[in-house]
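See structure below.
Protein chains: 2
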Amino acid sequence: MSIEIAAPIQRRPLHNELADRLRHMIVEGELAPGEKLAEKELCEQFGVSRTPLREAMKVLATEGLVLLTPNRGCAVAKLTLADLDEAFPIMGALEALSGELACRHITDAEIARIRDLHERMVKKYEAGALRDYFKLNEQIHQLILNAARNPTLAQMQLSLSGRVRRARYMANMSPARWSRAVAEHEKILEALSARDGKRLAVLLKDHLANKLQTVKDALTE
Amino acid sequence: MSIEIAAPIQRRPLHNELADRLRHMIVEGELAPGEKLAEKELCEQFGVSRTPLREAMKVLATEGLVLLTPNRGCAVAKLTLADLDEAFPIMGALEALSGELACRHITDAEIARIRDLHERMVKKYEAGALRDYFKLNEQIHQLILNAARNPTLAQMQLSLSGRVRRARYMANMSPARWSRAVAEHEKILEALSARDGKRLAVLLKDHLANKLQTVKDALTE
DNA sequence: GTTATGAATATTGAATACAAAATACAAGAT
DNA sequence: ATCTTGTATTTTGTATTCAATATTCATAAC
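Line by line, the protein sequences give chains A and B. Using my numbering, the letters of the first sequence map in sequence onto residues 211 to 431. Using my numbering, the letters of the second sequence map in sequence onto residues 211 to 431.
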């Protein structure tokens with residue numbers, strides 16, 4: 211008998227696959243906010259029937275990415291300023307909590323990993339590579355979230371950041387704000403290294419509040 | 211021409227109605243955690259076809275009330291101790307935030323309303339009417355949440371409390387814990403009246419932490 | 001020209017039909 | 001008797017069909 215464990219054959223329901231694909235398309239901005247999503251069209255595009263597509267839509271609607279209006283179809287949810295004003299304080303509170311929890315649970319190896327990402331992120335900042343900076347930034351926040359050891363929290367945070375991500379605000383962040391964000395990250399790393407949960411919570415909350423201001427500035431111009 | 215506006219004829223999709231009904235049944239404990247939900251059976255019970263039922267299930271699964279396993283159906287999500295340990299700190303953080311926001315926005319009339327509920331709640335405590343106490347308690351928290359003027363926050367909080375509500379822990383709250391909870395509510399009302407956001411945030415967070423302990427005590431006996 | 005009306009068309013909602021997978025069960029092998 | 005193995009049944013996943021509603025567009029009235 212073999213010791214090897216055969217990898218299970220990957221088979222998943224169409225509605226899952228569809229929900230993932232559509233979620234990705236919405237979050238990444240491939241489908242514009244407000245865009246009408248006609249069932250027939252999407253079915254042809256994905257080569258599936260309406261049943262699994264409609265099931266996927268219900269999921270996305272529950273996640274707040276899509277708006278279903280009875281008898282008149284489905285549209286990508288718009289992102290209003292009010293939405294951002296609502297979402298960011300929540301994200302701030304959740305990040306603050308995850309910071310506190312992370313300080314209790316994080317290992318030295320995880321901190322080292324974050325420090326590594328942080329240093330690479332700073333280099334991207336110095337090089338003015340905003341796209342790469344943003345990516346590393348996200349990874350750092352993700353690792354802190356993982357260190358909190360609270361999957362429910364991680365999932366909620368992920369869901370919220372998916373919603374606001376579409377704002378695509380980073381594209382026009384002012385030099386002043388960018389430099390400030392980097393400075394904040396420096397302090398975040400410090401607090402995390404010292405495992406100072408209270409301080410990290412405050413830093414992350416403020417960091418998110420500033421991010422909201424950045425987004426709003428970008429959107430109102 | 212009449213000034214009266216005719217009430218719109220209420221027509222809603224079956225999947226909405228089904229999701230609401232099933233959600234209620236799960237949250238109120240009419241469907242036990244872990245219970246298998248066979249499509250055929252539910253369809254007959256509600257007198258609908260499988261299509262809208264399945265759509266409703268996708269919604270409930272996204273909300274975390276139900277667990278879908280590919281090709282082998284649907285079951286009411288179980289509530290583990292780990293789930294509670296995850297959910298309560300999040301609820302604490304969200305309540306803290308809503309407390310802070312509420313202090314900024316709440317009107318005198320709203321505070322008066324809460325004070326009224328609070329006093330009635332205390333009377334129920336003195337009378338040992340736990341069921342009524344619990345109901346008023348919920349209403350107070352709900353009003354604070356509304357006063358925060360953040361629908362996204364309210365919705366997330368509602369969703370989380372729906373999940374943990376099934377624990378039905380209040381049924382066996384010790385006299386000591388109950389008295390403590392009432393004392394906490396007294397201070398919560400004070401802070402709210404003084405519109406002391408920071409203090410209210412701390413009180414609500416601690417209140418939730420204590421609630422978690424109550425639940426865990428009730429479940430482990 | 002603009003607005004109102006109604007038929008034709010398209011789209012969504014729900015039920016049914018069909019396909020694929022899982023479960024239950026019986027017969028045979030060990 | 002227990003464990004396989006194969007078959008029947010049930011259940012789930014997806015496609016298709018039918019029905020209800022909304023939209024479009026042409027026509028007519030003003």
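In this text, a Cβ means the ideal position worked out from N, Cα and C, and glycines have one as well.
Per the DSSP calculation, residue i is bridged to which residue(s)?
{"i": "A/V412", "result": "In DSSP, A/V412 forms no bridge with anything."}
{"i": "A/C253", "result": "Note: A/C253 sits in no beta bridge, so no partner."}
{"i": "A/K246", "result": "A/A285"}
{"i": "A/E237", "result": "Per the sequence shown, the amino acid found at residue 237 of chain A is Val instead of Glu. DSSP output for A/V237 lists no bridge partner at all."}
If you reduce the DSSP assignment to three classes, tell me which class residue i lands in.
{"i": "B/V425", "result": "helix"}
{"i": "B/V258", "result": "coil"}
{"i": "A/L278", "result": "strand"}
{"i": "A/E273", "result": "coil"}
{"i": "B/I219", "result": "coil"}
{"i": "B/R387", "result": "helix"}
{"i": "A/A419", "result": "helix"}
{"i": "B/E396", "result": "helix"}
{"i": "A/D406", "result": "coil"}
{"i": "B/A401", "result": "helix"}
{"i": "A/E296", "result": "helix"}
{"i": "A/A266", "result": "helix"}
{"i": "B/A377", "result": "coil"}
{"i": "B/S212", "result": "Residue placement at B/S212 is poorly supported in this model, since its pLDDT is 42, which falls under 50; the coordinates are not used for a value here."}
{"i": "A/E227", "result": "helix"}
{"i": "A/T290", "result": "coil"}
Let me check understanding here. Comparing Cα to Cα, which of the options lies closest to residue i?
{"i": "B/R314", "options": "B/Y335, B/D342, B/A358", "result": "B/A358"}
{"i": "B/L327", "options": "B/L346, B/A312, B/L311, B/L340", "result": "B/L346"}
{"i": "B/G302", "options": "B/L422, B/E273, B/L418", "result": "B/L418"}
{"i": "B/V412", "options": "B/L422, B/A428, B/E394", "result": "B/E394"}
{"i": "A/D230", "options": "A/R387, A/A285, A/G372", "result": "A/G372"}
{"i": "A/T317", "options": "A/H234, A/R405, A/L422, A/Q423", "result": "A/R405"}
{"i": "B/P243", "options": "B/I354, B/E336, B/I219, B/C284", "result": "B/C284"}
{"i": "A/Y343", "options": "A/L353, A/H351, A/R330, A/I354", "result": "A/R330"}
{"i": "A/P385", "options": "A/E336, A/A217, A/D295, A/K288", "result": "A/E336"}
{"i": "A/I324", "options": "A/A312, A/I350, A/R341, A/A306", "result": "A/I350"}
{"i": "A/G407", "options": "A/P262, A/E305, A/R264, A/L422", "result": "A/E305"}
{"i": "B/R282", "options": "B/E249, B/K334, B/L291", "result": "B/E249"}
{"i": "A/A401", "options": "A/A377, A/L311, A/E431, A/R376", "result": "A/L311"}
{"i": "A/V286", "options": "A/T272, A/A292, A/D295", "result": "A/T272"}
{"i": "A/L275", "options": "A/T290, A/Q352, A/L363", "result": "A/T290"}
{"i": "B/K421", "options": "B/A364, B/L353, B/W388, B/A266", "result": "B/W388"}
{"i": "B/L414", "options": "B/R376, B/G309, B/Q352, B/L353", "result": "B/G309"}
{"i": "A/A266", "options": "A/E245, A/E251, A/K288, A/L228", "result": "A/L228"}
Just the Cα atoms here: how many angstroms apart are residue i and residue j?
{"i": "A/I321", "j": "A/S403", "result": "7 Å"}
{"i": "B/R222", "j": "A/P280", "result": "7 Å"}
{"i": "A/C253", "j": "A/V237", "result": "20 Å"}
{"i": "B/K426", "j": "B/P299", "result": "13 Å"}
{"i": "A/E348", "j": "A/Q367", "result": "12 Å"}
{"i": "B/A339", "j": "B/M383", "result": "12 Å"}
{"i": "B/G239", "j": "B/R390", "result": "27 Å"}
{"i": "B/G257", "j": "B/L247", "result": "15 Å"}
{"i": "A/H234", "j": "B/K333", "result": "52 Å"}
{"i": "B/Q255", "j": "B/L278", "result": "20 Å"}
{"i": "B/L224", "j": "A/K268", "result": "13 Å"}
{"i": "A/S259", "j": "B/A292", "result": "39 Å"}
{"i": "B/Q423", "j": "A/E396", "result": "36 Å"}
{"i": "B/N356", "j": "B/Q365", "result": "10 Å"}
{"i": "B/L429", "j": "A/A428", "result": "50 Å"}
{"i": "B/V374", "j": "B/E296", "result": "10 Å"}
{"i": "B/L370", "j": "A/A217", "result": "35 Å"}
{"i": "B/T261", "j": "A/T261", "result": "8 Å"}
{"i": "B/L294", "j": "A/L241", "result": "37 Å"}
- prompt: Whole alpha helix (DSSP H) runs in the segment 302-370 of chain B with 4 or more residues, listed along the chain?
  reply: 318-337, 340-357
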